[in-house]
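In the numbering used here, the protein residues as written are 321 to 755. Glycine residues also receive a C-beta, built at the ideal position from the N, C-alpha and C atoms. Note sheet for the following structure.
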Amino acid sequence: MTAQPENIRTIMSTGFESFGPGKIRKRSMAPLLGQGLFTVDGEKWRHARNLLRPLFVKSKITDLTLVHKHLERILDFTIPNDDATWSGWTGPIDLKGLFERFTMDTATEAIFGRSVNSQLWATASISQGKVDGSAASMTQGFARAFDISLLGIVIRMVTGRLSFLFKRRKFSSAFNFVQRYVSLQVHHLLKDDLSQPSGIHKSFLAALMEAETLNEKQLHEYSTNLLIASRNTTAALLSFTFALLSLHPDILEKLRSEILSTFPIDQDSDRTKNRPGSSTITAEKLLQCRYLQWVLREALRLFPPIPIMAVEAKKHTVLPMGGGEDGDAPILIPKDQLVMFFPYFVHRRRDIWGDDAESFRPERWANSPPSWAYIPFAGGPRTCLGKQYALIHASYVVTRLLQTFSRIKPAHPTNDWLSAETESERSRLKDPACL
């Protein structure tokens, strides 16, 4: 285990060829992801990455049509459409769940060309065991099954051969449910892709089919790998950003001031007074909002979407630090050794970030971070392809919500949710807030 930037640079960059995903990751993720970008190595990985790279060209990731469409549903859920008596405050809202449904909807529409519409089904009672297999029932249950599948992957990775002790039937059922839904979407696409939009609005899968002849199994595997990447990063970023802003009203006020000065509310728009217009917002302008980007970077620093990463040595190799009595000497890593490194701890090292490393202070981003001390999107050849995609979508959501709401009041007045040590604790506390 390591939290040394020098070791992380070796693993991710200078010694990249010496490390791979390893047997544990492959065994844990294969039931959901198959032979995809997160589980393959070598030439298979290079081919998959090169095939996916064109999906994230500037023209596609800067198009806000999709994120705008599903953001409107967040506003539908949180505020009255046109109510002169509205006080301006919502009731308590589970923002974590809200953002997870939002990103699930945008991700499925981007990948398949049709959304799972989990926001529309949010109030429905879904019982996975009673799903009858119809298209409507599968759509309703997919988001829940996907989350259970992710939990199953984590448990399999942590417990290894002891994973049989943990509700295997529940996770197997969820894996199968996700596979059936993805197969249904791939089947629709293969049956008739003529109904797919063209140009930048073409779905990821349709674009892949144009680039290379892929069979149904390959399309299935690309789908699940894209889904886990595009959905979870943005959902986590938004959840932590708003949780932090709710606890720091001074930062929220400063951020909102920048947003309103850059994207003034259009008083002449045809929107109701409760929903400011968004016609002036572009991806380019969002990325130029300095304080907005600082806030997002700081949220990613404190709460990286993947707090722990692991690789396996493909051959005998050496890391530059960790050996000797003081840990400053090189250390031998034998072949097949699992190596874990921790973005969460690297991002909070006081010797790197200062005595306020645990504090939420966006202004620290006026200066560039030390090399390899900030890795929310990994680094080197495996840098996340969807990095800008996630940042642009998150920037748009923050901007639209802070155009609409001036304050966020946490339902938990303390920072219990942020200090929770495990995901299960955070899931119990959720992230309710009043806007």
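About 17 Å separates the beta carbons of Ser469 and Phe432, which is beyond the 8 Å limit, so they are not a contact pair. One alpha carbon belongs to Ile381, the other to Gly706, and they sit about 9 Å apart. A distance below 6 Å between beta-carbons, with the five flanking residues on each side excluded, links Ile695 to the following residues of its chain, in chain order: Pro663. Inter-residue distance for His507 and Phe524 is about 15 Å (C-alpha atoms, whole angstroms).
Counting C-beta pairs with one atom in each stretch, the segment 419 to 432 and the segment 377 to 392 have three or more that are closer than 8 Å, which means they touch.
DSSP, reduced to helix, strand and coil, places Lys490 within a helical segment of the structure shown. In the DSSP assignment, Gly642 falls within the unbroken beta strand (DSSP E) covering 637 to 643. Cα atoms of Thr410 and Asp656: separation of roughly 53 Å, rounded to the nearest angstrom. With a beta-carbon spacing of about 11 Å, Asn545 and Leu371 fall beyond the 8 Å limit used to define contacts. In its chain, beyond the 5 residues on either side, Met641 have a beta carbon closer than 8 Å to the beta carbon of Asp648. Between Trp673 and Trp614, the gap from beta carbon to beta carbon reaches 8 Å or more. In the three-state reduction of the DSSP assignment, Asp396 falls in the helix class, which pools H, G and I. Met332 is classed as buried because its beta carbon has at least 16 other beta carbons within 10 Å across all chains shown. Beta-bridge pairing by DSSP links Ala698 to Pro696. In the three-state scheme derived from DSSP, where H, G and I count as helix and E and B as strand, Thr322 is classed as strand. Bounds of any beta strand (DSSP E) do not take in Leu534, whose DSSP letter is neither H nor E. With respect to the C-alpha of Glu683, the residue from Thr322, Leu471, Arg621 having the closest C-alpha is Arg621.
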